[in-house]
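As they're listed, the protein sequences go chains R and P. Under our numbering, think of the first position of the first sequence as 62, with each following residue one higher. Under our numbering, think of the first position of the second sequence as 62, with each following residue one higher. In this text, a Cβ means the ideal position worked out from N, Cα and C, and glycines have one as well. Inspection log for the structure reproduced underneath, given as structure tokens.
Protein chains: 2
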Amino acid sequence: MPTMQDVARHAGVALSTVSYAINGTRPISEETRQRIFDAMEELGYRPNALARGLASKRSRIIALLFPAAKRGLGLTELEFVISAANAARENGYHLVLWSTEIRSAAELQQLMQQGLVDGVVVMEIHDQDERIELLRTIDFPFAMIGRCADNSEINHVDIDFGQTMQTVIAHLMGLGHTHIGFLNHAREEFEAGYGPAVRAQTRFLETMAANGLHGTTRFCEPSLENGHRTVNELLAEDPDLTAVIVMNDRAIPGILRAIADRGWRIPADFSIVAVVSSARAAEMTIPTITTAEAPAYELGSLATEMLIHQLEGEKKEISERLIPCKLVARESSGQCPGERVELQKN
Amino acid sequence: MPTMQDVARHAGVALSTVSYAINGTRPISEETRQRIFDAMEELGYRPNALARGLASKRSRIIALLFPAAKRGLGLTELEFVISAANAARENGYHLVLWSTEIRSAAELQQLMQQGLVDGVVVMEIHDQDERIELLRTIDFPFAMIGRCADNSEINHVDIDFGQTMQTVIAHLMGLGHTHIGFLNHAREEFEAGYGPAVRAQTRFLETMAANGLHGTTRFCEPSLENGHRTVNELLAEDPDLTAVIVMNDRAIPGILRAIADRGWRIPADFSIVAVVSSARAAEMTIPTITTAEAPAYELGSLATEMLIHQLEGEKKEISERLIPCKLVARESSGQCPGERVELQKN
DNA sequence: GCGCATAGTCGAAACGCTTCGATAGTATAT
DNA sequence: ATATACTATCGAAGCGTTTCGACTATGCGC
């Protein structure tokens, strides 16, 4: 593998001149530059990333911190990973994956202090997130996909849960539904302050109230059985329920079964809308599910770009971007069933 | 950030002694070692990964080469990524993600020649894979998840399609099925020599023949509509079909619909088994799908460990590991419908 | 014709580590 | 005693870059 020194010799210039030519750090005459690039070409020279990183104190590597979540990672998380990797590469960075099984913040700290990465993108944020606190105290550059309690001075992107809920509820209102259930993530997630679990529920209740609608909520572990049980609980609490919004893909089949068990048809007798879901999951079931799809790709790319811009010092000001999920109407949502509701009322 | 020099001074030894103490490269007296580790502790010293890599010519970073596949990555691929990242970390390595949108092998080559990574794990292998050819010619260390035309001298892991097909077919035979369809990935994938598409089909036909059963195969684009159409084509070709094996999760809902359209019930009238699938996908549908689940986690870990062992020179010999999918019987497979078949025969 | 920027280039000093060769001291074998 | 072989340590030479300070032309204003 040829080194910069080889290129310099071959082009008849000083080592430093080659460096300047490559990085454009100082003016180089067109003629010399050409000679250097020819030499590079001829020798098949590639700058050594490690040496460059060591000398410049900028590795051009960033890390994606992803937790081995209890919830189990899904397609949305996969998109975060892929989009972050792509965004990094497009900007000339490498992306390393750090799974934060890492209990002690100490272990995480050691990772950062190895000097391997210039900054990190953190996902699956909780309200009180010790990773974020650590990053703050050691003043390490980072960006978040999600939000925590205090987001001041932090570059971050997140789903716009307010807007998403408004769109979804408007969709159901437009179909005549007035009694709507919300099936959240597990209670454990909510109590741990997991962002989506907290904000989606809050926004759901706010929006329902603002529109004079009846909203009922329940937590639900991610499984068929729990989905089944939970939707029955929702219906027990509010028998007038004609639709449910679910933020827990793995509970969906349970809901479908519970509705089928009652002899109801979807969407004639009952509507389902999934939020923060994906087309891929929505099309696995019969009927296909109307979903508000997570803008996962955008979020991953944006967060990564924010971090890189911060690292390049291109801008000091902090950005925040909230992106709503995109509603895609499929087979699971339809007109509110006038009759069934009346039947229940008798 | 303290350096090794700082530690050395603080412990009253030479710089090199600290290095030997850390790496155990040369014997150090217990007393000195203790003094050095105390100093490290006290100063909060962390070795600099870049400097270490530059000096030792071993970065302890490996890359996972994953293609932005047309098929679209799914849960199985996500598990590869996660398990590779975990295995890397457990072995003291970092894992960087390289998406191989990378058309020209040249671009890939540049990545390797940056000296950033010690080796790569390649996934989504095709029979003729230019990435593999490149790696071979530049003699770069790598391991594969999958196989190509010539796997000699290459560390690799793969699904044991032969064993998997035998298990699945035995399961269906045990239920009395004799006419079984196989719904493959898209023709395009097959023709491009995409490993699973090629080997699963070959093994299916072999095993069917060996058991004196009637097998029919079809390619299928990954979508509901195509699943629907393709299963109808299969049934047109062999009206005696009572079961189908599908290696294309996204086609499953289409199959379910096609069967329902005929007024058939699953599994009473028709059985479905998914291969190289995941529990998560299998439980999204009604009925839940009997699946041969991809050993994704094992494959990702194993391939990564093989690569690392190779890098550490612990063993010269090449390993190959084939792991079969694990059959999990769910609601979609049942006794062969004697009556329906007779009805068709009349 | 003089002072002064500025373009273009060079040499050398980092960057923080690994590793080689040398040296001194201590056992072990002869 | 003497050669032999470790054990424990040190100093210095890299690893392949970036970057700083210096130096030489060259052009320009006046």
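If you draw a straight line from the C-alpha of residue i to the C-alpha of residue j, how long is it?
i: P:Y81; j: R:R208; result: 44 Å
i: R:A149; j: P:V182; result: 19 Å
i: R:L285; j: R:M308; result: 14 Å
i: P:L231; j: R:I215; result: The sequence shown places Ala at residue 231 of chain P, rather than the Leu named in the question. Each residue's Cα considered, the two are about 57 Å apart.
i: P:P385; j: P:Q224; result: 6 Å
i: P:Q170; j: P:L195; result: 7 Å
i: P:G180; j: R:K118; result: 24 Å
i: P:I333; j: P:F280; result: 16 Å
i: R:G399; j: R:F331; result: 11 Å
i: R:A100; j: R:I89; result: 15 Å
i: R:D322; j: P:N147; result: 42 Å
i: R:E267; j: R:N287; result: 26 Å
i: R:E103; j: R:V74; result: 16 Å
i: P:M226; j: P:L139; result: 24 Å
i: R:V142; j: R:T239; result: 38 Å
i: R:H275; j: R:S393; result: 20 Å
i: R:N212; j: R:E298; result: 36 Å
i: P:A364; j: P:E151; result: 14 Å
i: P:E249; j: P:Q66; result: 59 Å
i: P:G361; j: P:M367; result: 10 Å
i: P:G273; j: R:A343; result: 39 Å
i: P:V79; j: R:P314; result: 59 Å
i: P:A355; j: P:S339; result: 6 Å
i: P:L404; j: P:G395; result: Unreliable placement is indicated for P:L404, whose pLDDT of 45 sits below 50; the coordinate value is still reported in the next sentence. Using only the alpha carbons, I get a separation of about 18 Å.
i: P:M173; j: P:T349; result: 44 Å
i: P:G374; j: R:E359; result: 42 Å
i: P:W325; j: P:H289; result: 14 Å
i: P:M345; j: P:V337; result: 16 Å
i: P:R341; j: P:K377; result: 38 Å
By the DSSP assignment, the beta strand (DSSP E) with residue i in it spans what residues?
i: R:T351; result: T351 to E354
i: R:N216; result: N216 to I220
i: P:T278; result: H275 to R279
i: R:L125; result: I122 to F127
i: R:H238; result: R:H238 -> no beta strand (DSSP E), and no H or E assigned at all.
i: P:G180; result: G180 to M184
i: R:R382; result: E381 to I384
i: P:H289; result: Segment L285 to E298 is the alpha helix (DSSP H) holding P:H289; no beta strand (DSSP E) there.
i: R:M205; result: F203 to I206
Are the CB atoms of residue i and residue j nearer to each other than 8 Å?
i: R:L136; j: P:I347; result: no
i: R:L388; j: R:T228; result: yes
i: R:R264; j: R:F201; result: no
i: P:L177; j: P:I122; result: yes
i: R:T351; j: R:A390; result: yes
i: R:E217; j: R:M234; result: Note that residue 217 of chain R corresponds to His in the displayed sequence, not to Glu. No; because the gap between Cβ atoms is not below 8 Å, this pair is not in contact.
i: R:V305; j: R:I220; result: no
i: P:Y154; j: P:I327; result: no
i: R:A126; j: R:M62; result: The sequence shown places Leu at residue 126 of chain R, not Ala. No, Cβ-Cβ distance for R:L126 and R:M62 is not below 8 Å.
i: R:A247; j: R:P283; result: yes
i: P:T303; j: P:L244; result: no
i: R:A61; j: P:Q175; result: Nothing can be reported for residue 61 of chain R: it is not among the residues displayed for chain R, which extend from 62 to 407.
i: P:H187; j: P:G114; result: no
i: P:S72; j: P:R107; result: The residue you asked about is not Ser; residue 72 of chain P is Ala in the sequence shown. In this structure, P:R107 does not lie closer than 8 Å to P:A72 by Cβ.
i: P:Q262; j: P:T278; result: yes
i: P:A166; j: P:E191; result: yes
i: P:C397; j: P:L134; result: no
Under DSSP, the alpha helix (DSSP H) around residue i begins and ends at which residues?
i: R:S144; result: L136 to E151
i: P:G361; result: A357 to L372
i: R:G254; result: Run containing R:G254: none; DSSP gives neither H nor E here.
i: P:I83; result: L76 to N84
i: P:A100; result: E91 to L104
i: R:L317; result: I313 to D322
i: R:I193; result: E191 to T198
*Given a limit of 8 Å on CB to CB distance, which residues of the stretch 75–89 of chain P reach chain R?*
none
*asked:* For the stretch 279–305 of chain R, list every residue whose C-beta sits within 9 Å of some C-beta in chain P, in sequence order.
replied: S284 and L285
_Contact residues within the stretch 341–359 of chain R, judged by C-beta distance below 8 Å to chain P_ = R341, A342, E344, M345, T346, I347 and T349
*Taking only beta carbons into account, state which residues of the stretch 241–252 of chain R come closer than 7 Å to chain P, listed in chain order.*
none
*Using a Cβ-Cβ cut-off of less than 9 Å, list which residues of the stretch 377–392 of chain P approach chain R; keep chain order.*
none
_Chain-ordered residues of the stretch 150–182 of chain R with a beta carbon less than 8 Å from chain P_ = R150, H155, L156, V157, L158, W159, S160, E162, Q171, Q174, Q175, G176 and L177
_If the cut-off is 8 Å on Cβ atoms, which residues from the stretch 108–121 of chain P count as contacting chain R, listed in chain order?_
P108, N109, A110, L111, A112, G114, L115 and S120
*What residues in the stretch 313–329 of chain R have a beta carbon less than 8 Å from any beta carbon of chain P?*
I313, P314, L317, R318 and A321
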